[in-house]
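> The opening residue of the sequence shown carries number 154 in the working numbering; numbering runs sequentially from there.
Positions of the beta carbon are idealized from the N, C-alpha and C atoms, including for glycine.
Fair warning: this is a prediction, and the values are worked out from it, not measured in the lab.
Pasting a structure below so you can have a look.
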Amino acid sequence: MARLPDAWRASSPVGMKQKLGLACTLVGEPKVLLLDEPGVGVDPISRRELWQMVHELAGEGMLILWSTSYLDEAEQCRDVLLMNEGELLYQGEPTALTQTMAGRSFLMTSPHEGNRKLLQRALKLPQVSDGMIQGKSVRLILKKETTPDDIRHADGMPEIDINETTPRF
């Protein structure tokens, strides 16, 4: 890539640069491929093409380590390592991780409070592992043994509607 004109390198789409970088790496026929956030800033079509290339390489026996914060990318992997602040939280198949969340994933709304404030309140509760705004609801992951009633009756929570939902990666 160093021999390419500066104008081309500066103006080329990120997806094209990622695919070209991958192609250059493969010239040396490596046995292991380490990809650090290759999907960041890449348009959806180039991202899909990049994944097709990686699936082909994996099918040919290449070991690929793909670092990502995009869960849809991690979901495509055979095995995942889920880490937070250097701590290994999970190692195994993505579907098995999703199954561990069965009965712990909920969608919550409040007629009296916006989602941003509702999420902030919920994340302060010791019974809540994680949460995010998802459309018109707040998606919560509750800690084991926590019930929706524990959240409904928690100090500082407004009137809420909370229903179990399908876990997703």
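Just to confirm the assignment, what range does the alpha helix (DSSP H) spanning A225 have?
At residue 225 the sequence reads Asp, which differs from the Ala that was named. 224-227 is the span of the alpha helix (DSSP H), which, as asked, contains D225.
> Report the three-state DSSP secondary structure of Q205 (helix, strand or coil).
Reduced to three states, the DSSP call for Q205 is helix.
> Please report the straight-line C-alpha distance between E202 and A249, rounded to a whole angstrom.
Distance between the alpha carbons of E202 and A249 is about 27 Å.
> Measure the alpha-carbon distance for M310 versus V180 and round it to whole angstroms.
So the two alpha carbons sit approximately 58 Å from each other.
> At 3 residues or longer, what runs of the beta strand (DSSP E) sit wholly inside the segment 233-264?
With a minimum length of 3 residues, the continuous beta strand (DSSP E) runs that stay inside the segment 233-264 are 233-237, 240-245, 258-262.
> Just list the residues that DSSP pairs Q287 with in beta bridges.
Bridge partners of Q287: S290.
> G192: buried (16+ other C-beta within 10 angstroms of its C-beta) or exposed?
Buried, because 16 or more other Cβ atoms sit within 10 Å of the Cβ of G192.
> Tell me which residue opens and which closes the alpha helix (DSSP H) that I217 is part of.
Where I217 is concerned, there is no enclosing alpha helix (DSSP H), although the beta strand (DSSP E) it sits in stretches over 216-220.
> Taking only the alpha-carbon atoms, compute the straight-line gap between G194 and K172 and give it to the nearest angstrom.
If I take the Cα positions, the gap works out to 13 Å.
> Bridge partners for D314 per DSSP, in chain order?
The partner list for D314 (beta bridge, DSSP) reads T262.
> Using only alpha-carbon positions, find the residue among K170, A176, A211, M169 that is nearest to V185.
Cα-wise, what sits closest to V185 is A211.
> Taking the alpha helix (DSSP H) that L272 belongs to, which residues open and close that run?
Note, L272: alpha helix (DSSP H), 268-276.
> Candidates P264, T221, K297: which alpha carbon is nearest I315's?
The option with the nearest alpha carbon to I315 is P264.
> Since I286 contacts R269 with CB under 8 Å, what's their CB separation in whole angstroms?
Their Cβ separation, rounded to whole angstroms, is 7 Å, which keeps I286 and R269 in contact under 8 Å.
> Are the segment 239-247 and the segment 281-300 touching by the rule of at least three beta carbon pairs closer than 8 Å?
No, because fewer than three Cβ pairs between the segment 239-247 and the segment 281-300 fall closer than 8 Å, the two stretches do not touch.
> Would you call L272 buried or exposed, if buried means 16 or more other Cβ atoms sit within 10 Å of its Cβ?
So L272 counts as buried.
> Roughly how many whole angstroms lie between the Cα atoms of E182 and E213?
So the alpha carbons of these two residues sit roughly 12 Å apart.
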